[in-house]
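Visitor: The listed protein sequences derive, respectively, from chains A and B. Residue 232 in the numbering used here is what sits at position 252 of the first sequence, and the numbering runs on without skipping anything. Residue 226 in the numbering used here is what sits at position 246 of the second sequence, and the numbering runs on without skipping anything. Cβ coordinates follow ideal geometry from the N, Cα and C atoms, glycine included. Once you've had a glance at the structure underneath, I'll fire off some questions.
Protein chains: 2
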Amino acid sequence: MSILVVGSIGLDNIETPFGKVENILGGSAIHFSYSASFFSPVKVVGVVGNDFPKKHLEELGKKNVDLKGIEIKKGKTFQWTGSYDYDLNQAHTLDTQLNVFEDFNPKLPSEYRNSNFIFLANMDPELQLKVLEQVESPNLVVGDTMNFWIENKKDALLKTLKKVDIILMNDSEARELCKTYSLLEAAQSILKLGPSTVIIKKGEHGALMFTDSTHFAAPAYPLEEVNDPTGAGDSFAGGFLGYLAQTKDLSEINIRKAVVFGSVMASYNVENFGPRRLQNLALSEVDKRYKEFVGITRF
Amino acid sequence: MSILVVGSIGLDNIETPFGKVENILGGSAIHFSYSASFFSPVKVVGVVGNDFPKKHLEELGKKNVDLKGIEIKKGKTFQWTGSYDYDLNQAHTLDTQLNVFEDFNPKLPSEYRNSNFIFLANMDPELQLKVLEQVESPNLVVGDTMNFWIENKKDALLKTLKKVDIILMNDSEARELCKTYSLLEAAQSILKLGPSTVIIKKGEHGALMFTDSTHFAAPAYPLEEVNDPTGAGDSFAGGFLGYLAQTKDLSEINIRKAVVFGSVMASYNVENFGPRRLQNLALSEVDKRYKEFVGITRF
């Protein structure tokens, strides 16, 4: 079953302790799409400038990804410039040029409106609400956000949360939103705001999943090679929602498996800059690492 | 099968965001003993001053703990004063009064010398070596250390590591010893120094276990109540080695189970100040939380 994703598409400048790249393909919708396409067809809604290299769309189009919802607008493509220290959990934004993304007003092609699996990537929660107004009756809405919206658009974010089934957040975002250090307390508060499932991503420390009555602790994968954490969260979301759309099984135990597939995709994403690793990943590698996750957690 | 532990016994002053206590029973040998005694008999070697309240020894003696190896020396008992911020992973030492612990020279009672399971708690690695010179042919030697010895007694520490089967370290200590951010790289380096198993404790993020050919990621337990992390590492060691001594099974899969029992004991330890929670813990609670660990990790 196909997935609709609405999010950013950009050209990133990234510096980590392991290297530096300029104008590399990036954006939440990109990392999500490359990741989710291993599991399910993906339809993308986003915007790029007329400077955006055509080859990027051509390459993405060769995957399981429908690009009809990508608007090409006169102007420059969204650009993010950021760096990471050795503590790769924390991105430092050096510059953000919204460019054509500034006036982004997501319009869903009519054939996207009956999408059953929706991913609202991190963006202005008002835009996330506009997307939800255009879809008919989705089976599952998964959302992401960031500290900027918690600090600057909290009311809109709370409205979005009411309409989201599963919310993905970083640990620091969950703590900030709920003003508590305890992730358990934070998750319990967020569950009261609307979502039936909260997934807290802890970077190299894995992820936690909470529902009203259960919780699940997904391990970190101890990586030999980490080069660039950019897009790890969106790759996580792609593996997570991709697996759910593929299996069409929203039971708690299957959502746990989806968290592990999300972790698998994120663990590959960080091995190279931008989406390079996912562009060159084989499906057999996805299965292989999933089995490794099984192996490292059994006791 | 009984365990020999050699380590500190002290009176701590502790301040955390959740409260403040003075002259509370503490020290690595104390937290370890309370924890391990749920699984196996424990023999303690340590030193206290003649100011040390007798009730502490009386209470400990009611557990499965032999105190013959505790020397009472003229002078004041070891005292640690420390505090924690909301990031409870990081202790801030405000003051250390070694007192009678300064000249501690561990002497094993003759009936301790044939001990099969040894825990060398965090202390000067030269003292750890002195302990090993006095034991006959132990089945298993588990060691702990800290950044102070890495920085100030590295040669002695490397000698100790050669004689230790399983080394326990915090993530920051492993990174410091091996001068790498990657815990996987750090573990691989430490395995070359002697131990056949390396366990890296990550506080609220769980623990990782590495051998030459396998690794295991133990989850964190999402605690509702955290009051004082002091002694969490030693409680972990107590549950870990206690379970191994009880089962006498040093297979890789059983060492994984031991890591989880260590995590169980650490998760209880932090619920109250000093060793209070372990002093009032029921064996049934240990089993209950172990089952919860099983539940939160299955997928």
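Could you work out which residue in A/V240, A/E51, A/S162, A/I(-6) is closest to B/Y66 when comparing CA atoms only?
Guide: When each option's Cα is compared against that of B/Y66, the closest is A/S162.
Visitor: For A/V(-15) and A/F12, which I take to be in contact (beta-carbon distance under 8 Å), what is that distance rounded to the nearest angstrom?
Guide: A/V(-15) to A/F12, Cβ: 5 Å. Contact.
Visitor: Within the 8 Å Cβ cut-off, does A/F81 reach chain B?
Guide: It does not: the Cβ of A/F81 has no partner Cβ on chain B nearer than 8 Å.
Visitor: Given this structure, state the Cα-to-Cα distance separating A/G6 from B/L221, to the nearest angstrom.
Guide: Cα to Cα, A/G6 sits roughly 48 Å from B/L221.
Visitor: Check each candidate in A/D145, A/L141, A/I130, A/K143 and name the one with the smallest Cα separation from A/L157.
Guide: Per the Cα distances, A/I130.
Visitor: Using a Cβ-Cβ cut-off of less than 8 Å, give me the residues of the segment 43 to 64 of chain A that come near chain B, in sequence order.
Guide: Flagged: no residues at all.
Visitor: Tell me the residue span of the alpha helix (DSSP H) that contains B/Y64.
Guide: Segment 58 to 64 is the beta strand (DSSP E) holding B/Y64; no alpha helix (DSSP H) there.
Visitor: I'd like the list of long-range same chain contacts for A/Q77, defined as Cβ closer than 6 Å, with 5 residues on each side in sequence excluded.
Guide: Correct list, in chain order: Q59.
Visitor: B/K110 by DSSP, collapsed to three states: which one?
Guide: Helix at B/K110.
Visitor: So B/K182 packs on B/D151, CB below 8 Å; how close in whole Å?
Guide: Right, the Cβ-Cβ distance comes to about 5 Å (below 8 Å), so this counts as a contact.
Visitor: Provide the residue span of the beta strand (DSSP E) that contains A/A197, from first to last.
Guide: 195 to 198 is the span of the beta strand (DSSP E), which, as asked, contains A/A197.
Visitor: Just to make sure I have the definition right: I need the residues of chain A whose C-beta is within less than 8 Å of the C-beta of B/K182. Which are they?
Guide: Simply H185.
Visitor: Between the Cα of B/Q168 and the Cα atoms of B/S193, B/G186, B/E153, which residue gives the shortest distance?
Guide: Nearest option by C-alpha distance: B/S193.
Visitor: For B/A187, which of helix, strand or coil comes out of DSSP?
Guide: In this structure, B/A187 counts as strand in the three-state DSSP scheme.
Visitor: The ligand FAD and A/G174: does any heavy atom of the ligand fall closer than 7 Å to the residue's C-beta?
Guide: This structure simply doesn't include the ligand FAD, nor any ligand for that matter.
Visitor: Leaving out five residues before and five after A/Q259 in sequence, what residues of the same chain have Cβ atoms less than 6 Å from its Cβ?
Guide: For A/Q259, where only same-chain residues beyond five positions count, there are no Cβ hits under 6 Å.
Visitor: Mind listing which residues of the segment 221 to 255 of chain B have their C-beta closer than 8 Å to chain A's C-betas, in chain order?
Guide: Taking 8 Å as the Cβ-Cβ cut-off against chain A, the residues of the segment 221 to 255 of chain B that qualify are I233, R236, K237, V239, V240.
Visitor: Of all Cβ atoms in chain A, is any one closer than 8 Å to the Cβ of B/L163?
Guide: With 8 Å as the cut-off, B/L163 counts as an interface residue toward chain A.
Visitor: Starting from the beta carbon of A/H195, find every residue of chain B whose beta carbon is closer than 8 Å, and list them in chain order.
Guide: P202, I276, listed in chain order.
Visitor: Quick check on this structure: which residue in B/G242, B/E82, B/T227 has the alpha carbon closest to the alpha carbon of B/G29?
Guide: Per the Cα distances, B/E82.
Visitor: Is it right to say A/Q285 is buried, meaning 16 or more other beta carbons lie within 10 angstroms of its own, or is it exposed?
Guide: Only positions -19 to 279 of chain A appear in this structure, which leaves residue 285 of chain A out of reach.
Visitor: Looking at the secondary structure, which residues open and close the alpha helix (DSSP H) in which A/E39 lies?
Guide: Run containing A/E39: 34 to 42, per the alpha helix (DSSP H) assignment.
Visitor: Whose Cβ in chain A lies nearer than 7 Å to the Cβ of B/P209?
Guide: Neighbours of B/P209 on chain A: none; closest Cβ ~12 Å, over 7 Å.
Visitor: Please list, in chain order, the residues of the segment -8 to 21 of chain B that have any C-beta partner in chain A closer than 9 Å.
Guide: Hits within the stretch, in order: P(-3).
Visitor: With 8 Å as the threshold, decide whether the Cβ of B/P199 is near any Cβ in chain A.
Guide: Chain A, which has a Cβ nearer than 8 Å to the Cβ of B/P199, makes this yes.
Visitor: The beta strand (DSSP E) spanning A/I146 covers which residue range?
Guide: Per DSSP, A/I146 belongs to the beta strand (DSSP E) from 146 to 150.
Visitor: Are the C-beta atoms of A/L188 and some chain B residue less than 8 Å apart?
Guide: Yes, contact with chain B.
Visitor: Starting from A/A280 and walking both ways along the alpha helix (DSSP H), at which residues does that stretch end?
Guide: Nothing about residue 280 of chain A can be read from this structure; chain A reaches only from -19 to 279.
Visitor: Would A/I(-6) and A/F253 qualify as a contact pair, given that the criterion is a beta-carbon distance under 8 Å?
Guide: Yes. Within cutoff.
Visitor: Are B/S231 and B/A101 close, meaning C-beta to C-beta below 8 Å?
Guide: The answer is no: Cβ separation not under 8 Å.
Visitor: Is the beta carbon of B/L224 sitting closer than 8 Å to the one on B/L107?
Guide: Contact flag unset, no.
Visitor: So is B/G275 buried or exposed if we call it buried at 16+ other beta carbons inside 10 Å?
Guide: Flag for B/G275 reads exposed.
Visitor: Smallest Cα separation from B/R93: which of B/K23, B/V206, B/F279?
Guide: B/R93 has its Cα closest to that of B/K23, out of B/K23, B/V206, B/F279.
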